[in-house]
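Colleague: Numbering (this note's numbering), first residue to last: 220 to 740.
Ideal Cβ positions, reconstructed from N, Cα and C, are used throughout, including at glycine.
Fair warning: this is a prediction, and the values are worked out from it, not measured in the lab.
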């Protein structure tokens, strides 16, 4: 028999063509709903047969129920992708939900539980009596953070973990789906209620109710239904479970998933041909601030032992090398176990499509997702837009300057801004809620070589528009920006906008040197 008969068929490309999620809420809240209700908002269905029957009816389609601890949502995503890659299906809905009990997330251990191995590591390190069970997962994750501090001779400090909590809460302010949307100072994070030693409540994920969903499709399906402008390709995806080193090396850091995260990321980089330097935005499993710092190192964002340095550089937030957990992460967005992995997927798809609103990462082209469950499994996924030209066309086709003379000033671009002004008059309040920014457009090479500047305010009141905005509002920004030659940065006639924003911390203020305008595309 020819050996060619045993060669595997090439795997098909897989795209995320639709995502959705509910707002995450605390368990028992008045607005917490039952499974079918959560399902309907997240994507017409959520958990197994009950939710499918309630929302879609009895269609006879295959339904597979998945349970993989905290990595359940991304495990469903992993399985859905495999079905499409192998040609078994053209379109698959992956979805997840959770209705949780109030209080801390506990570890339930039976005689058959794989978590007995984890408890064995703690016992061998004299961190736990064999007959005792940790009250919740944070005990274990605190030990991992403490080990990192000791390994680094205390160069990793409790302030580094607190800065991660501060950063994630700050990010969540702009996420309407987040369980919490409150901003805190670093001092407030460190002074909040202590949950376990130096880990305070603002550095720990809450228990949550919520749901999320993603629709995956083959390339043929995308082409047939004209979904190219929304299609986010899964470039690489790897699932790993515990390795022998997780337990044999007597390290709590390794026990909580460091090596399996590292290996899953390595395989994704290898298969995609990308490196950490190619990534723009990341959603990772920050069940506690200690885990986020450890994961920086596992994903190869910095050398092992240098997570604190990455935090000090600000390379985990806007203006840094990566934006990590722009959604607010598990710490502030919430952590309904079955939904978390799919909520991460939703956030990254919105980011790559340019649909993330006020939390948009400028120029995001490649995204990484990391979702981990103790006990244990991890899924690492790399994404990018599958048809970037179609996506770019979709974003810009709605407003185009007419190729004829327009207003009295002779600028053809004035037609575009007249249309924007009209929309502001009609729907200004909605744009302010949705966008929340001030945009300046400077057009060069007009009639007779003239220049003109238009400023659109969709941050204040019902919005406003016009050339006279600068003279009325410069005083608002003198604290935040330095004007270059009394004007604004150049924007091309095609409509590249720069969002003027006030600095949010001392590091950002330091970056705004004289003669420069702090802005984001």
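Does the segment 527-534 come into contact with the segment 555-570, if we say contact requires no fewer than three beta-carbon pairs (one atom in each stretch) closer than 8 Å?
Modeller: Flag = no, the segment 527-534 and the segment 555-570 do not touch.
Colleague: Starting from residue 317, follow its DSSP beta bridges and name the residues at the other end.
Modeller: Bridge partners of residue 317: 429.
Colleague: Looking at the structure shown, is residue 664 part of a helix, part of a strand, or coil, going by DSSP?
Modeller: Reduced to three states, the DSSP call for residue 664 is coil.
Colleague: Report the CB separation of residue 554 from residue 424 in whole angstroms; it is logged as a contact under 8 Å.
Modeller: Right, their Cβ atoms sit about 4 Å apart.
Colleague: Please say whether residue 550 and residue 216 have beta carbons closer to each other than 8 Å?
Modeller: Missing from the structure shown is residue 216; the chain here goes from 220 to 740 and no further.
Colleague: Considering only DSSP beta bridges, list what residue 287 is partnered with.
Modeller: In the DSSP output, where bridge partners are listed per residue, residue 287 has 289.
Colleague: Need the endpoints of the alpha helix (DSSP H) that residue 530 sits in, please.
Modeller: First-last of the alpha helix (DSSP H) with residue 530: 526-532.
Colleague: Mapping the DSSP letters down to three states, classify residue 424 as helix, strand or coil.
Modeller: In the structure shown, residue 424 sits in coil (DSSP, three-state: anything other than H, G, I, E or B).
Colleague: Which full runs of the beta strand (DSSP E) of 3+ residues lie inside the segment 568-595, going along the chain?
Modeller: Counting whole runs of 3 or more residues, the segment 568-595 contains the beta strand (DSSP E) stretches 585-592.
Colleague: How many angstroms separate the CA atom of residue 236 from the CA atom of residue 603?
Modeller: About 12 Å.
Colleague: Using alpha carbons as the reference points, say which of 503, 478, 580 and 308 lies closest to residue 467.
Modeller: Of 503, 478, 580 and 308, the residue nearest in Cα terms is 478.
Colleague: Return helix, strand or coil for residue 350, following the three-state DSSP convention.
Modeller: A caution first: residue 350 carries a pLDDT of 36, below 50, which makes its placement in the model too unreliable to give a value.
Colleague: My guess is that residue 500 and residue 583 are in contact by the Cβ rule of under 8 Å, so how many angstroms apart are they, rounded?
Modeller: Rounded, the Cβ-Cβ distance is 5 Å, consistent with contact.
Colleague: Would you mind reading off the limits of the beta strand (DSSP E) that contains residue 240?
Modeller: That run of the beta strand (DSSP E) goes 233-240.
Colleague: Look up residue 494 in the DSSP assignment and say whether it is helix, strand or coil.
Modeller: Correct three-state label for residue 494: coil.
Colleague: Excluding sequence positions up to five away, which residues of its chain have a Cβ less than 7 Å from the Cβ of residue 520?
Modeller: Here the set comprises 495, 529 and 541.
Colleague: What residue from 518, 314, 552 and 433 has the CA that sits closest to residue 384's CA?
Modeller: For the residues 518, 314, 552 and 433, the minimum Cα distance to residue 384 belongs to 552.
Colleague: Which ranges would you report for the beta strand (DSSP E) in the segment 475-519 if only whole runs of at least 3 residues count?
Modeller: Counting only runs of 3 or more, we get 500-502.
Colleague: Nearest by alpha-carbon distance to residue 574: which of 492, 514, 511 and 448 is it?
Modeller: Ranking 492, 514, 511 and 448 by Cα distance to residue 574 puts 448 first.
Colleague: Just tell me which of 276, 459, 421 and 365 has its CA closest to the CA of residue 293.
Modeller: Of the candidates 276, 459, 421 and 365, the one whose C-alpha sits nearest the C-alpha of residue 293 is 459.
Colleague: In terms of alpha-carbon separation, which member of 318, 287 and 309 lies closest to residue 246?
Modeller: Comparing Cα positions, the closest option is 318.
Colleague: Return the CA-CA distance between residue 427 and residue 606, expressed in angstroms with no decimal places.
Modeller: Cα to Cα, the separation comes out at about 35 Å.
Colleague: Sort 485, 442 and 416 by Cα distance to residue 457 and report the nearest one.
Modeller: Of 485, 442 and 416, the residue nearest in Cα terms is 485.
Colleague: List the endpoints of the continuous alpha helix (DSSP H) containing residue 549.
Modeller: Residue 549 -> alpha helix (DSSP H) spans 548-552.
Colleague: By the DSSP assignment, the alpha helix (DSSP H) with residue 406 in it spans what residues?
Modeller: Its alpha helix (DSSP H) spans residues 405-410.
Colleague: Grouping DSSP H, G and I as helix and E and B as strand, with all else coil, what is residue 711?
Modeller: Only weak support exists for where residue 711 lies, its pLDDT of 26 falling under 50; the value from the coordinates is given anyway. Reduced to three states, the DSSP call for residue 711 is coil.
Colleague: What does DSSP give as the partner residue(s) for residue 282 in the beta ladder?
Modeller: Answer is none; residue 282 lacks a bridge partner.
Colleague: Helix or strand or just coil, what does DSSP make of residue 400?
Modeller: Three-state result, residue 400: coil.
Colleague: How long is the line joining the alpha carbons of residue 619 and residue 568, rounded to whole angstroms?
Modeller: Caution is warranted here: a pLDDT of 31 is assigned to residue 619, below 50, making its placement in the model unreliable, and no coordinate value can be reported.
Colleague: Below 8 Å on the Cβ atoms is my contact criterion, and I expect residue 471 with residue 366 to pass it. Report the Cβ-Cβ distance as a whole number of Å.
Modeller: Residue 471 to residue 366, Cβ: 5 Å. Contact.
Colleague: For residue 359 versus residue 244, is the C-beta distance shorter than 8 Å?
Modeller: Their beta carbons are not under 8 Å apart, which means residue 359 does not touch residue 244 by this criterion.
Colleague: Give every residue of the same chain whose Cβ lies closer than 6 Å to the Cβ of residue 670, excluding the five residues on either side of it in the sequence, and list them in chain order.
Modeller: The residues are 663.
Colleague: Put residue 541 into one of helix, strand or coil per three-state DSSP.
Modeller: Reduced to three states, the DSSP call for residue 541 is coil.
Colleague: Could you tell me which residues DSSP puts in a beta bridge with residue 459?
Modeller: Its beta-bridge partners are 597.
Colleague: By the 10 Å Cβ neighbour count, where 16 or more other Cβ atoms means buried, how is residue 374 classified, buried or exposed?
Modeller: By the neighbour-count rule (16 or more Cβ atoms within 10 Å), residue 374 is not buried but exposed.
Colleague: Tell me which residue opens and which closes the alpha helix (DSSP H) that residue 381 is part of.
Modeller: Unbroken alpha helix (DSSP H) run through residue 381: 377-391.
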